[in-house]
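Trainee:
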């Protein structure tokens with residue numbers, strides 16, 4: 009009995025003290041450049057507000073993989089995959105290019121091998137592997153954000169489950 | 380009663396420490412902009428090590444490491460259909476990862492062995508052997524999510540930061556647009572070698588692998604793939620393992636990884652503290668020794 013009590017106490021302490029997780033009452037953060045606060049727990053619900061990256065929101069309740077949250081400019085719903093328990097430290101621009109919601113991944117990703125890597129490739133005699141990498145970049149970067157979102161919708165994945 | 384008070388005090392201290400440790404992964408990315416190379420003297424480079432490697436440096440280092448991985452494992456499988464499938468699954472996961480702004484790229488290596496690698500900056504590779512072994516998208520997603528977690532939690536970069544070649548590799552990579560001097564490039568090469576040696580020979584420490592497994596479980600489940608896809612894949616691997624030929628020799632024992640992944644599943648079904656499903660899983664499995 010005593011052991012059970014201690015174990016329960018430990019579990020409670022652990023969950024409560026670590027905090028920051030997807031539980032009612034906790035504050036979590038948006039992790040995209042722009043995140044829509046929706047009127048309901050489905051992707052096609054109306055947009056209440058658009059929140060910038062690293063905005064703190066308080067979880068009111070959870071419904072499946074959606075959180076009903078309270079933000080400074082209203083309450084609404086956000087898919088859990090668009091939230092992080094920790095405030096994102098990531099710069100929302102990569103390589104100096106801003107990743108806005110409307111930008112495609114391909115336009116952001118199209119970048120040649122940097123000078124240092126190019127020199128490294130020459131020194132190490134890795135030309136064939138570098139060609140393979142460029143081929144991969146071409147194949148991968150052709151799959152932009154719109155294609156990924158379409159794939160998610162078709163496969164009922166992510167917020168389209 | 381005194382004993383109970385002591386336990387509570389100890390647990391509180393432990394939890395406070397755990398909180399600090401849990402936050403540590405993101406600290407490496409703070410202040411992660413482009414760093415001016417020429418401002419970095421040896422002292423500056425050493426100090427920079429304390430604040431982490433910036434995004435620009437990560438991308439440069441990632442390119443070089445990715446090329447080494449491709450070279451070491453038989454080149455890329457240049458099959459558009461296979462590459463598209465792996466990228467669609469991988470990018471779907473990466474879209475909901477903790478670094479959604481990073482451009483992840485997924486490739487298949489022309490090697491019959493069963494293995495997977497990631498490089499800083501968002502490169503993920505699986506061997507042809509692993510691609511063929513995965514029975515469905517769920518299993519592929521589990522493996523890719525494991526590698527994505529290595530990238531989002533900057534596991535490889537932390538090894539560089541600890542390494543003796545850090546000042547050379549980070550300093551040079553921060554000025555990727557400039558031509559490097561010969562001695563700089565030599566130091567940079569030594570740094571890249573250090574990373575690939577870890578990836579190919581030594582492997583990450585067991586705790587880092589368990590961390591990636593847990594991240595994979597959570598990410599795959601959130602996106603809508605079977606959370607136990609990685610576990611299924613590891614079970615298939617386990618069935619092929621022989622005493623003289625361990626699979627994934629640079630990883631912790633398969634049995635232990637499968638056991639831990641199973642505990643996450645058990646905890647998730649109890650809906651206990653979802654974010655810390657791993658810890659709760661351990662609790663559910665009563666693996667803590669309590670007084």
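Residue numbers (my numbering), protein chains in the order written: chain A, 9 to 169; chain B, 380 to 670.
We put the CB at the ideal spot given by N, CA and C, even for glycine.
Given the structure is predicted, the values throughout are model-derived calculations rather than measurements.
(1) If you measure from the beta carbon of residue 143 (chain A) to each beta carbon in chain B, is any gap under 8 Å?
(2) Report buried or exposed for residue 44 (chain A), applying the criterion of at least 16 other Cβ atoms within 10 angstroms of its Cβ.
(3) If we ignore side chains and look at the alpha-carbon of each, how far apart do residue 63 (chain A) and residue 130 (chain A) end up?
(4) Tell me which same chain residues have a C-beta within less than 7 Å of the C-beta of residue 40 (chain A), skipping the five on either side of it?
(5) What span of residues does the beta strand (DSSP E) with residue 68 (chain A) cover, start to end?
(6) Short of 8 Å in beta carbon distance, which residues of its chain neighbour residue 577 (chain B), apart from the five on each side in sequence? Order them along the chain.
(7) Does any C-beta atom of chain B lie closer than 8 Å to the C-beta of residue 39 (chain A)?
(8) Quick check: what's the CA-CA separation for residue 596 (chain B) versus residue 125 (chain A)?
(9) Beta carbon of residue 509 (chain B), beta carbon of residue 494 (chain B): below 8 Å?
(10) Interface residues of chain B around residue 137 (chain A) at Cβ under 9 Å?
(11) Pick out whichever of A:138, A:154, A:46, A:96 has its Cα sitting closest to the Cα of residue 453 (chain B).
(12) Is the shortest distance between the beta-carbon of residue 140 (chain A) and the beta-carbons of chain B less than 8 Å?
(13) Looking at the structure shown, is residue 495 (chain B) part of a helix, part of a strand, or coil, going by DSSP?
(14) In its own chain, which residues sit with a C-beta less than 6 Å from the C-beta of residue 161 (chain A), not counting the 5 before and 5 after it?
(15) Measuring only the C-alpha atoms, how far is residue 462 (chain B) from residue 81 (chain A)?
(16) I'd like the ranges of any alpha helix (DSSP H) spanning at least 4 consecutive residues and lying wholly in the segment 494-527 of chain B.
(17) Tell me the DSSP bridge mates of residue 606 (chain B)?
(18) Who does residue 631 (chain B) pair with in a DSSP beta bridge?
(19) Determine the DSSP secondary structure at residue 151 (chain A), reduced to helix, strand or coil.
(20) Quick one: which chain B residues come within Cβ less than 7 Å of residue 165 (chain A)?
(21) Output yes if chain A places a C-beta closer than 8 Å to the C-beta of residue 498 (chain B); else output no.
(22) Applying the 10 Å Cβ sphere with the 16-neighbour rule, what's the burial state of residue 120 (chain A)?
(23) Grab me the residues of residue 47 (chain A)'s own chain with a C-beta within less than 8 Å of its C-beta, minus the 5 sequence neighbours each way, in chain order.
(24) Indicate the three-state DSSP secondary structure (helix, strand or coil) for residue 161 (chain A) in the structure shown.
(25) Using the rule of at least 16 other Cβ atoms within 10 Å of the residue's Cβ for burial, across every protein chain shown, is residue 591 (chain B) buried or exposed?
(26) Whose C-beta lies closer than 8 Å to the C-beta of residue 35 (chain A) among residues of the same chain, with five residues either side of it excluded?
(27) When the Cα atoms are used, what is the spatial distance from residue 401 (chain B) to residue 455 (chain B)?
(28) Applying a beta-carbon distance threshold of less than 7 Å, which residues of chain A neighbour residue 439 (chain B)?
(29) Using a Cβ cut-off of 9 Å, which residues of the segment 568-591 of chain B contact any Cβ in chain A, in chain order?
(30) Taking C-beta to C-beta, are residue 466 (chain B) and residue 148 (chain A) nearer than 8 Å?
(31) Tell me, please, whether the CB atom of residue 477 (chain B) is closer than 8 Å to any CB atom in chain A?
(32) Under the criterion of a Cβ to heavy atom distance below 7 Å, does residue 573 (chain B) qualify as lining the ligand NAP?
Mentor: Answer, in terms of the structure:
(1) Here residue 143 (chain A) is taken as the residue at index 135 of the first chain, counted from 1. Chain B, which has a Cβ nearer than 8 Å to the Cβ of residue 143 (chain A), makes this yes.
(2) The sequence position of residue 44 (chain A) within the first chain is 36, counting from 1. Label assigned to residue 44 (chain A): buried.
(3) One-based indexing of the first chain puts residue 63 (chain A) at position 55. One-based indexing of the first chain puts residue 130 (chain A) at position 122. Taking the straight line joining both Cα atoms gives about 45 Å.
(4) Here residue 40 (chain A) refers to the residue found at position 32 when the first chain is read from its first residue. Closer than 7 Å at the Cβ level, and outside the excluded window around residue 40 (chain A), lie 61, 90.
(5) By 1-based counting over the first chain, the position of residue 68 (chain A) is 60. Segment 64-71, the beta strand (DSSP E) holding residue 68 (chain A).
(6) The residue you call residue 577 (chain B) lines up with position 198 of the second chain. Contacts found: 535, 538, 583.
(7) On the first chain, position 31 is the one that residue 39 (chain A) refers to. Yes, contact with chain B.
(8) For the purposes of this step, residue 596 (chain B) is taken as the residue at position 217 of the second chain. For the purposes of this step, residue 125 (chain A) is taken as the residue at position 117 of the first chain. CA-to-CA, the gap between residue 596 (chain B) and residue 125 (chain A) works out to about 34 Å.
(9) The sequence position of residue 509 (chain B) within the second chain is 130, counting from 1. The sequence position of residue 494 (chain B) within the second chain is 115, counting from 1. Yes; because the gap between Cβ atoms is below 8 Å, this pair is in contact.
(10) One-based indexing of the first chain puts residue 137 (chain A) at position 129. Residues of chain B passing the Cβ test: 445, 446, 447, 448, 449, 450, 451, 454, 455.
(11) Stepping through the second chain from its first residue, residue 453 (chain B) is reached at position 74. Here the closest residue by C-alpha is A:138.
(12) Counting from 1 along the first chain, the entry for residue 140 (chain A) is found at position 132. Yes, residue 140 (chain A) lies at the interface with chain B (some Cβ there is under 8 Å from its Cβ).
(13) As a position in the second chain, residue 495 (chain B) is number 116, starting the count at 1. Reduced to three states, the DSSP call for residue 495 (chain B) is strand.
(14) Within the first chain, numbered from 1, the residue matching residue 161 (chain A) stands at position 153. Here the set comprises 168.
(15) Within the second chain, the letter at position 83 stands for residue 462 (chain B). Within the first chain, the letter at position 73 stands for residue 81 (chain A). Their backbone Cα atoms lie some 42 Å apart in a straight line.
(16) 507-512
(17) Position 227 of the second chain holds residue 606 (chain B). DSSP, once it has assigned bridges, lists no residue as partnering residue 606 (chain B).
(18) Looking up residue 631 (chain B) in the second chain gives position 252. Listed as beta-bridge partners of residue 631 (chain B) by DSSP are no residues whatsoever.
(19) Locating residue 151 (chain A) in the first chain gives position 143, counting from the first residue. Three-state DSSP puts residue 151 (chain A) in coil, outside helix and strand.
(20) Reading the first chain from its first residue, position 157 is the one you call residue 165 (chain A). Residues of chain B passing the Cβ test: 471, 602, 603.
(21) Your numbering for residue 498 (chain B) matches position 119 in the second chain. Closer than 8 Å: no.
(22) To locate residue 120 (chain A), count along the first chain from 1; it is residue 112. If you draw a 10 Å sphere on the C-beta of residue 120 (chain A), you find fewer than 16 other C-beta atoms in it, and that means exposed.
(23) Walking along the first chain from the start, residue 47 (chain A) turns up at place 39. Cβ neighbours of residue 47 (chain A) beyond the five flanking positions: 53, 54, 55, 56, 84, 85.
(24) Start at 1 with the first residue of the first chain, and residue 161 (chain A) comes out as number 153. Looking at residue 161 (chain A) - three-state DSSP - the assignment turns out to be helix.
(25) Residue mapping note: residue 591 (chain B) aligns to position 212 of the second chain, counting from 1. Classification for residue 591 (chain B): buried.
(26) For the purposes of this step, residue 35 (chain A) is taken as the residue at position 27 of the first chain. The beta carbon of residue 35 (chain A) is closer than 8 Å to those of 28, 64, 65, 66, 67 in its chain, skipping five residues each way along the sequence.
(27) Against the second chain, residue 401 (chain B) aligns to sequence position 22. Against the second chain, residue 455 (chain B) aligns to sequence position 76. Unreliable positioning characterises residue 401 (chain B) in this predicted model, as indicated by a pLDDT of 28, which lies under 50. The coordinate reading is nonetheless provided below. Their Cα atoms are separated by approximately 36 Å.
(28) If you number the second chain from 1, residue 439 (chain B) lands on position 60. Here the neighbours are 122, 124, 125.
(29) 568, 571
(30) In the second chain, counting from the first residue as 1, residue 466 (chain B) sits at position 87. In the first chain, counting from the first residue as 1, residue 148 (chain A) sits at position 140. Taking C-beta atoms as the reference points, residue 466 (chain B) and residue 148 (chain A) count as a pair closer than 8 Å.
(31) Here residue 477 (chain B) refers to the residue found at position 98 of the second chain. Yes, its Cβ sits closer than 8 Å to a Cβ of chain A.
(32) For the structure depicted, the ligand NAP is absent and the ligand set is empty, with no information on it obtainable.
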